[in-house]
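Participant: My questions will all concern the structure given below.
In the UniProt record's numbering, the protein residues as written are 1 to 522.
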């Protein structure tokens, strides 16, 4: 159960918005009054923290519990809830958890195989060079300066290969895909076969015969390193450069509200294209708000609930006749329903504009009391010195009621908790932002990344496609990215081939003659 935050401890004169009626009456009698009958107000001066974080950890500060009156974000799941969860959904969620465990095992297995293969690749040239001196040192022919130069060449080539492999392959994985990356798997198989073939040749021609030509052995190891460098160049072309040139245009449409975006991609597989779409979705699409979709459904249900069908011929008629009569009556009422929709939207816009104006005025008045304390004025500051967190808590109650009403009207109250608003307010105060910069987050819906992860409503996705997800993109492919509440429909179109021709215009052709007639005034 939520507990009430006592803002009276912060010496704020407007904290009665978060008190019960009895406590408001008690505070009204306790609060001092000026001669003009208004409550005394105190200007707040803040001091920027030096070397300390803006918001302390929960372990070092008493946790502030959200107020009972804030936002009324408590959700009650009833039997008629539109987003209720059935036993099938629970079973699907448990299956997704089991699948996630399998994906973790697959991810670590692939990482283990790649690490083992990389270690084998880097140790093989060193082993080729060190094994002959260890096994038959006395039988080797002297190499001299040539071998020493080859040693330096192998060392630097291995260092370059190590840095390139780390930059290309050993990256933090951003997502778990259902299938393996085909080109990456082919490269790993190619490297494995290449190293094994070198080891077979080395074992048959050098170890068994105890070759005495040490210079040839070192050159054999150098050739292996050169071949590995060329394979690394091939990996850069296949994994990075091949997809840079745009070849397809992807139209991404959200199924619930129809919001769409367009993206240009190169030659990618379907699952990699889906990852690119999801990465752009979190920063380009506005956050999904299911409360905005309930108004139209409620309006349609209200129209159907207002219809009554009376059976005047007795109980012999079936239910089909009643449903047809109800549909016909609804069609007749549809002609006048657009007027009701027009006035409802106009009234909603009026309320939004009115509460937005109140919110802007309340925030501007609250920010007037904030003044940054200069270093040379710390000793003579008339107001109380506070850190940004305390200053945010002090001025928040004066704007809380207007912000609460505006978020309710625009149906955004479940995305903004009181703690997140306090953090954003303290951040704006610390960086000397204006009231307009503070309100920008609440006046218009932002992208999904702007909000907390627990409010995204879309973290686990399912890829639905008629073709194999390892196939490349082509014209006309449609695949769906589906989460619990909505889905993203992706339509692939190939960028058309453009024929661009050149037309030359002679500069001497830009000459004109003025023909005068006797009737003209020129």
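Positions of the beta carbon are idealized from the N, C-alpha and C atoms, including for glycine.
Just list the alpha helix (DSSP H) runs in the segment 183 to 259, keeping only unbroken ones of 4 residues or longer that don't cross its boundaries, in chain order.
Facilitator: If we require 4 residues or more, the alpha helix (DSSP H) runs fully inside the segment 183 to 259 come out as 214 to 236.
Participant: Could you spell out the range, first to last residue, of the beta strand (DSSP E) harbouring residue 462?
Facilitator: Counting along the chain, the beta strand (DSSP E) containing residue 462 begins and ends at 462 to 465.
Participant: By the three-class DSSP mapping on this structure, what secondary structure does residue 470 have?
Facilitator: The answer is coil: DSSP assigns residue 470 none of H, G, I, E or B.
Participant: Report the option in 278, 428, 286 whose CA atom is closest to the CA atom of residue 258.
Facilitator: Among 278, 428, 286, the Cα nearest to that of residue 258 is on 286.
Participant: Per DSSP, what kind of secondary structure is residue 264 in: helix, strand or coil?
Facilitator: Strand, per DSSP.
Participant: Measuring straight from C-alpha to C-alpha, what distance separates residue 209 and residue 139?
Facilitator: In a straight line, the C-alpha of residue 209 is about 12 Å away from that of residue 139.
Participant: Starting from residue 276, trace the alpha helix (DSSP H) both ways and give me its first and last residue.
Facilitator: From DSSP, the alpha helix (DSSP H) with residue 276 extends over 270 to 284.
Participant: With the cut-off set at 8 Å, would you say residue 394 and residue 429 are in Cβ contact?
Facilitator: No, the pair does not count as a contact, with Cβ atoms beyond the cut-off.
Participant: For residue 420 and residue 437, I'd like the C-alpha separation in whole angstroms.
Facilitator: About 16 Å.
Participant: Nearest-angstrom Cα distance between residue 167 and residue 466?
Facilitator: Their backbone Cα atoms lie some 35 Å apart in a straight line.
Participant: Assuming residue 420 is part of the alpha helix (DSSP H), what are its boundary residues?
Facilitator: It spans 418 to 430 - the alpha helix (DSSP H) in which residue 420 sits, taken as one unbroken run.
Participant: When the Cα atoms are used, what is the spatial distance from residue 396 to residue 432?
Facilitator: Their backbone Cα atoms lie some 16 Å apart in a straight line.
Participant: Could you give the DSSP three-state label for residue 172: helix, strand or coil?
Facilitator: Here residue 172 sits in coil by DSSP.
Participant: Less than 8 Å between the beta carbons of residue 398 and residue 357, yes or no?
Facilitator: No; because the gap between Cβ atoms is not below 8 Å, this pair is not in contact.
Participant: On the DSSP letters alone, give me the boundaries of the beta strand (DSSP E) that residue 509 sits inside.
Facilitator: Here residue 509 belongs to no beta strand (DSSP E), and DSSP marks it neither H nor E.
Participant: Within the continuous beta strand (DSSP E) that includes residue 403, where are the two ends?
Facilitator: Run containing residue 403: none in the beta strand (DSSP E); it sits in the alpha helix (DSSP H), 388 to 409.
Participant: Between which two residues does the beta strand (DSSP E) containing residue 438 stretch?
Facilitator: Premise fails: residue 438 lies in the alpha helix (DSSP H), 435 to 443, not in any beta strand (DSSP E).
Participant: Quick one: Cα of residue 155 to Cα of residue 463, how far?
Facilitator: Computed Cα separation, rounded: 45 Å.
Participant: Work out the CA separation of residue 505 and residue 511 for me, nearest whole Å.
Facilitator: Using only the alpha carbons, I get a separation of about 12 Å.
Participant: Is the distance from the Cβ of residue 179 to the Cβ of residue 251 below 8 Å?
Facilitator: Contact flag unset, no.
Participant: Our contact map puts residue 267 next to residue 472 with C-beta atoms below 8 Å; I'd like the distance itself, whole angstroms only.
Facilitator: Contact holds; Cβ gap of about 6 Å.
Participant: If you follow the beta strand (DSSP E) that residue 479 is part of, which residue opens it and which one closes it?
Facilitator: Residue 479 -> beta strand (DSSP E) spans 478 to 482.
Participant: Among 416, 507, 274, 347, whose alpha-carbon lies nearest the alpha-carbon of residue 174?
Facilitator: Residue 174 has its Cα closest to that of 274, out of 416, 507, 274, 347.
Participant: Drop a sphere of 10 angstroms on the beta-carbon of residue 195, count the other beta-carbons inside from all chains shown, and report buried for 16 or more, exposed for fewer.
Facilitator: By the neighbour-count rule (16 or more Cβ atoms within 10 Å), residue 195 is buried.
Participant: Return the residue from the list 164, 410, 133 that minimises the CA-CA distance to residue 147.
Facilitator: Measuring from the Cα of residue 147, the nearest candidate turns out to be 133.
Participant: Spatial neighbours of residue 114 within its chain, please: CB distance less than 7 Å, with the 5 preceding and 5 following residues excluded, ordered by chain position.
Facilitator: Excluding sequence neighbours, residue 114 sits near 169, 188.
Participant: Using DSSP's beta-bridge definition, name the partner residues of residue 487.
Facilitator: Its beta-bridge partners are 482.
Participant: I'd like to confirm the pairing. Which residues does DSSP put opposite residue 492 in its beta bridges?
Facilitator: DSSP output for residue 492 lists 250 as bridge partner(s).
Participant: Is DSSP giving residue 178 helix, strand or coil here?
Facilitator: Coil, per DSSP.
Participant: Can you tell which of 406, 349, 366 has its C-alpha closest to the C-alpha of residue 523?
Facilitator: The requested residue 523 does not occur in the structure, where the chain is confined to residues 1 to 522.
Participant: DSSP puts residue 447 in a beta bridge; with which residues?
Facilitator: DSSP, once it has assigned bridges, lists 286 as partnering residue 447.
Participant: Closer than 7 Å by C-beta to residue 451: which residues in its own chain qualify, once you throw out the five before and the five after it? Chain order, please.
Facilitator: Cβ within range, chain order: 287, 415.
Participant: If residue 495 sits next to residue 249, beta carbons under 8 Å apart, how far is it from one beta carbon to the other, in whole angstroms?
Facilitator: Sure, about 6 Å apart at Cβ, within 8 Å.
Participant: Between the alpha carbons of residue 126 and residue 243, how many angstroms are there, rounded?
Facilitator: If you take the alpha carbons of residue 126 and residue 243, they lie about 35 Å apart.
Participant: Helix, strand or coil, according to DSSP, for residue 163 in the structure here?
Facilitator: Residue 163: helix per DSSP, three-state reduction.
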